[in-house]
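**Student:**
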Amino acid sequence: MSEQKQAEAERELVEMARRVLPGGGFGNVSHEVVIAEGRGGRVWDVSGNEYVDYLLGSGPMIVGHAHPEVVQVVQQVAAKGATFFANNEHGIRLAAEIVGAVPCAEKVRFVSTGAEADAYAMRLARAYRKRDKVLKFEGGYHGMSDYGLMSLAPKRAGNFPQPIPDSAGIPKSVRDEVLVAPFNDLETVASLIREHRAELAGIIVEPFQRLVPPQPGFLEGLRKLTEENGLLLIFDEVVTGFRFAYGGAQEYCGVTPDICTLGKAIGGGFPLAAIAGRADIMAHFDRGAVAEDAFMTQIGTLSGNPVAAAAGLKTLEILKRPGAYDQIFKTGRALMEGFAQVLKDTRLPARVVGAAPMFDVVFTDREVKDYRSAMGDDAMLKRCNALLRERGILKGENKCYISLAHTAEDVRFTLDAFASAIAALRSQRAA
Ligand SMILES: Cc1ncc(COP(=O)(O)O)c(C=O)c1O
170 MSEQKQAEAE RELVEMARRV LPGGGFGNVS HEVVIAEGRG GRVWDVSGNE
220 YVDYLLGSGP MIVGHAHPEV VQVVQQVAAK GATFFANNEH GIRLAAEIVG
270 AVPCAEKVRF VSTGAEADAY AMRLARAYRK RDKVLKFEGG YHGMSDYGLM
320 SLAPKRAGNF PQPIPDSAGI PKSVRDEVLV APFNDLETVA SLIREHRAEL
370 AGIIVEPFQR LVPPQPGFLE GLRKLTEENG LLLIFDEVVT GFRFAYGGAQ
420 EYCGVTPDIC TLGKAIGGGF PLAAIAGRAD IMAHFDRGAV AEDAFMTQIG
470 TLSGNPVAAA AGLKTLEILK RPGAYDQIFK TGRALMEGFA QVLKDTRLPA
520 RVVGAAPMFD VVFTDREVKD YRSAMGDDAM LKRCNALLRE RGILKGENKC
570 YISLAHTAED VRFTLDAFAS AIAALRSQRA A
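Quick note on the working numbering: the sequence shown kicks off at 170 and runs consecutively.
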């Protein structure tokens with residue numbers, strides 16, 4: 170197809186999307202680009218433009234797009250039937266792999282999305298402790314449930330611990346069941362526990378909150394406080410699971426929660442997520458193991474789907490190979506250091522925040538330690554992202570994910586594009 174025809178085809182799709190999809194898209198990222206294909210660390214849009222891809226499907230494609238070994242196993246498994254609503258070998262083997270890898274995982278329950286996993290994990294804490302309240306952190310992302318949407322991205326600074334709902338349609342009563350604290354602030358957590366201990370079931374936290382690393386002692390402090398007060402500690406490892414280390418952030422940080430949630434990487438690009446945790450807690454999913462009123466009904470049409478599980482298992486097998494994490498960290502570090510150098514040279518009020526497997530630029534001159542301090546100049550970031558896209562770099566609104574498939578050439582190309590985008594940004598600012 171000629172370039173002109175390809176561009177026309179993309180325009181038609183964008184128009185069709187506007188007609189049939191609310192807001193013209195799936196709700197995730199900018200709708201001006203329609204992706205046609207991905208291979209390794211790159212994607213192509215319908216117009217034929219090529220991008221180095223740091224969006225990575227929002228994280229699942231950690232071994233790269235269309236990895237030949239993943240594609241092969243998916244084709245083989247799909248050819249034998251896509252789903253059964255019954256136990257299947259791939260799902261069972263994936264659960265066994267998770268139990269072997271993730272420190273807190275003694276049992277695993279599969280669902281299809283991270284949002285579901287988080288909603289069930291919070292319910293599990295409530296069922297186990299027989300109390301209703303859960304503490305989360307401002308800016309912590311735990312999916313799109315009514316509870317997850319409490320103070321995920323509040324536009325105004327509320328008073329802790331009152332949550333601010335991020336969506337219309339959430340019952341007012343949900344606000345009474347969620348307490349909100351600032352990330353990296355153990356003192357506030359301790360005082361909220363003192364005040365609400367009798368009603369509190371547990372704490373849910375992203376060990377790296379979006380990009381913000383835990384300060385030394387923060388996760389350890391949460392572990393200690395939850396243990397001392399008989400609360401469950403839930404790590405949301407939907408992003409960090411199998412990304413920071415094979416055993417996730419809990420292995421990387423050396424702090425083991427009671428329950429964790431997993432998603433993204435474990436489905437190899439297909440819809441699959443999980444709740445994993447201590448056997449006595451996970452027993453609430455087992456009607457035979459707990460009293461009838463302690464049992465948690467949990468059914469999902471696609472739970473443990475064999476194609477997704479096989480894709481996930483193969484992805485994990487690739488990640489387990491010697492050198493895989495070294496490679497991801499090396500690529501991420503080179504980009505973080507390169508970005509930081511460009512920002513330093515240009516003296517823009519900006520910093521690189523995160524860790525090698527996922528990071529981004531925050532346009533701020535303050536130290537970033539929680540949700541409020543991570544709120545940089547959003548308009549500037551949007552312009553920077555657009556300038557990068559014009560230069561062949563695709564990334565999330567506020568995150569770059571690194572894959573095993575990104576090459577040294579991708580890094581060089583990206584650093585050149587970044588330097589050029591920042592130069593353009595500076596001249597726009599000056600104009
Ligand atoms: C930390 C975290 N938890 C949960 C979720 C929700 O996962 P899903 O989009 O599969 O529902 C996400 C999604 O990005 C996430 O980043």
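Note that beta-carbon positions come from the ideal geometry of N, C-alpha and C, so glycine has one too.
1) Mark I372 as exposed unless 16 or more other C-beta atoms lie within 10 angstroms of its C-beta, in which case mark it buried.
2) Counting along the chain, where does the alpha helix (DSSP H) carrying R379 start and finish?
3) Kindly indicate which three-state DSSP category F582 falls into: helix, strand or coil?
4) Going straight from the alpha carbon of I497 to that of S572, what length do you get?
5) Taking the continuous beta strand (DSSP E) assigned at V268, which residues delimit it?
6) For ligand 1, which residues count as neighbours when the test is a C-beta closer than 6 Å to any heavy atom?
7) Per DSSP, what are the beta-bridge partners of T409 in this structure?
8) Whole angstroms is fine: what's the gap from R211's alpha carbon to V221's?
9) Given a threshold of 16 other Cβ atoms within 10 Å of its Cβ, counted over all protein chains shown, does Q244 qualify as buried or as exposed?
10) Please confirm if the stretch 274-291 is in contact with the stretch 311-318, defined as three or more CB-CB distances below 8 Å between the two stretches.
11) In whole angstroms, what is the alpha-carbon distance linking V381 and L431?
12) Please check the pair Q134 and Y289, which I expect to be a contact at CB under 8 Å, by giving their CB distance rounded to whole angstroms.
13) Quick one: Cα of A186 to Cα of V408, how far?
14) Between the stretch 556-566 and the stretch 213-228, do three or more beta carbon pairs fall short of 8 Å?
15) Work out the CA separation of H575 and A247 for me, nearest whole Å.
16) Looking only at its own chain, which residues have a Cβ that is under 7 Å from the Cβ of D579, when we skip the five neighbours before and after it?
17) Quick one: using the 10 Å Cβ neighbour count with 16 as the cut-off for buried, is A577 buried or exposed?
18) Excluding the five sequence neighbours on either side, which residues of its own chain have a C-beta within less than 7 Å of the C-beta of F254, listed in chain order?
19) Any contact between the stretch 447-463 and the stretch 378-398? By contact I mean 3 or more CB pairs, one from each, below 8 Å.
20) Report all residues from its chain with a CB closer than 8 Å to the CB of M544; omit the five preceding and five following residues, and keep chain order.
21) Under the three-state reduction of DSSP, which class applies to C569: helix, strand or coil?
22) Run the CB neighbour count on A445, radius 10 Å, all protein chains shown included, and call it buried at 16 or more, exposed below.
23) Tell me whether V239 is buried or exposed, calling it buried when 16 or more other Cβ atoms sit within 10 Å of its Cβ.
24) Give me the residue from L355, S360 and E307 with the minimum Cα distance to D335.
25) Short of 7 Å in beta carbon distance, which residues of its chain neighbour A586, apart from the five on each side in sequence? Order them along the chain.
26) In this structure, what does DSSP give as the bridge partners for T430?
27) Return helix, strand or coil for L318, following the three-state DSSP convention.
28) Run through DSSP, which three-state label would D462 get?
29) Taking the continuous beta strand (DSSP E) assigned at L304, which residues delimit it?
30) Would you check if the distance between the CB atom of M549 and the CB atom of A525 is smaller than 8 Å?
31) D539 to G523, Cα distance in whole Å?
32) Using C-beta distances below 8 Å, list every residue in its chain close to G194, excluding the 5 sequence neighbours before and after it, in chain order.
33) Kindly identify the DSSP beta-bridge partner or partners of H234.
34) Please report how far the alpha carbon of L355 lies from the alpha carbon of V347, in whole angstroms.
35) How would you call K299, buried or exposed, if buried means at least 16 neighbouring beta carbons within 10 angstroms?
36) So V537 and A519 are in contact, right, with Cβ under 8 Å, and what is the actual spacing, rounded?
**Tutor:** A quick look at the data gives this:
1) buried
2) Neither: R379 is in no alpha helix (DSSP H) and is coded neither H nor E.
3) In the structure shown, F582 sits in a helix (DSSP, three-state: H, G or I).
4) 6 Å
5) Not the beta strand (DSSP E): V268 falls in the alpha helix (DSSP H), residues E258 to A270.
6) S227, T282, G283, A284, D287, Y310, H311, G312, E375, D405, V407, V408, G432 and A442
7) BP columns for T409 are empty, so no partner.
8) Put simply, the backbone Cα of R211 is about 5 Å away from that of V221.
9) exposed
10) yes
11) 19 Å
12) Outside the shown range of the chain, which is 170 to 600, sits residue 134, and nothing can be said about it.
13) 28 Å
14) Flag = yes, the stretch 556-566 and the stretch 213-228 touch.
15) 28 Å
16) G210 and V221
17) exposed
18) T470
19) no
20) T533
21) It is a strand residue.
22) buried
23) buried
24) Comparing Cα-Cα distances from D335 to each of L355, S360 and E307, the minimum goes to E307.
25) L557, R560, G561 and I562
26) Looking at the DSSP assignment, T430 forms a beta bridge with D405 and I444.
27) coil
28) helix
29) K302 to F306
30) Taking 8 Å as the cut-off, the beta carbon of M549 is found no closer than this to the beta carbon of A525.
31) 12 Å
32) A186 and H200
33) G209
34) 17 Å
35) exposed
36) The pair is not a contact, with the Cβ atoms about 11 Å apart (cut-off 8 Å).
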